[in-house]
Structures are given as C-alpha cells and as structure tokens.
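Okay, structure first, notes after.
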Amino acid sequence: MEETIRKAEKKDVKRLESFLLEANLNTEGVAEAIDYYSLLETKSGALKACIGIEPVNGVGMLRSFVVSEGTSQVQILLLFDRVIRIAEGNNLKALYLATNKESAVSFFNKIGFNTVKDIPVALYNHPHFEQVSNVDNTIIMEMKVGIVDNS
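Letter 13 of the sequence shown, counting from 1, is numbered 13 in the UniProt record's numbering, and no numbers are missing.
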C-alpha cells in the first residue's frame, strides 16, 4: 500500500487527536500546534504514524511520536526529516525530547540528538515537559536546528 508523509493541516486535527487517544497520549495543545506535526498516512487516508513539535520561545519539544505496527525504519526517518524541516521553516533554534527508554537513545543519536543536562528555562515550566520529565529515568536530548532562509 502506498503511503505519504506530509505536514499536518487544520483539517487533520480531529483525526490526529483520535489517533493519539488510541495510543493513550495526551491531546492537549494539538490543535494549537497542528502546523508543527508530520503525518504518515495510507493511500486511503488512515494515519499510520505521527510526530509533532510543541513550540516554546524559539525552541521546540518533540511530542506525540506514535508509530503503528509495520512502519519501516525508512518511513520513521522520513517522518523525522519532515518534522525537522518544519522546525527549520519556523526558525526554531533547537528541538528537545524526553525519553525513559535507554534503547531509544542510540536511535535519536543517529538522527542528530545528543543527551543534555540543561534545557531552556521556558521548557521547565511548560506543561508537556513537566508531564514527560516526571517519569523515572528520563533522558533529555537536544538537536540544534539549522535556520532555513525561505526568501
């Protein structure tokens, strides 16, 4: 089945929220940040994977990373490439993520994330960061993002 990776649009909000709820993820703030989401969908329009960015004071916090069974590593890499381009296009300086899975760290290292101890102060007070950082053994990672000149 042919699948497409694309930037989310306003019309995708309800479908994306349903997809995230099925994965037991919080949907708060999704509608406001819909322009920062990357989607993988089947030819029939069913969502297969997604990842989003919650923008905060010139940086972004990755959130809502959901991958359905059968999604290939290449598709996951393309999904990340799309969301990184979204970050660049919105002039974000860096992306941050939180994980408690040691096995995920090597994957994120391969795509350009590095483990960090310090994050911007604005992220500490952000509800999504507070939620994910309260999990045991949380590892915070950062990727500096290049600025794209869209002129």
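Every residue, glycine too, gets a C-beta built ideally from N, C-alpha and C.
- Between residue 88 and residue 137, the C-beta spacing is not below 9 Å.
- Between residue 120 and residue 57 a beta carbon distance of about 7 Å is seen, short of the 8 Å cut, so the two are scored as contacting.
- Residue pairing by DSSP puts residue 60 in a beta bridge opposite 55, 95.
- As the crow flies, the alpha-carbon of residue 67 is around 11 Å from that of residue 41.
- When the beta-carbon positions are compared, residue 5 and residue 82 come within less than 9 Å of each other.
- Check the Cα spacing between residue 100 and each of 49, 140, 13: the tightest is with 140.
- When the five nearest sequence neighbours on each side are left out, the beta carbons in the same chain lying within less than 6 Å of the beta carbon of residue 2 are those of 43, in order along the chain.
- In terms of Cβ geometry, residue 95 and residue 145 form a close pair [threshold 9 Å].
- The straight-line gap separating the alpha-carbon atoms of residue 21 and residue 118 is approximately 31 Å.
- Scanning its chain for C-beta atoms nearer than 8 Å, with the 5 sequence neighbours on each side dropped, one finds around residue 50 the residues 8, 16, 19, 20, 37, 38, 39, 40, 64, 65, 66, 79, in chain order.
- It is roughly 18 Å from the alpha-carbon of residue 33 to the alpha-carbon of residue 98.
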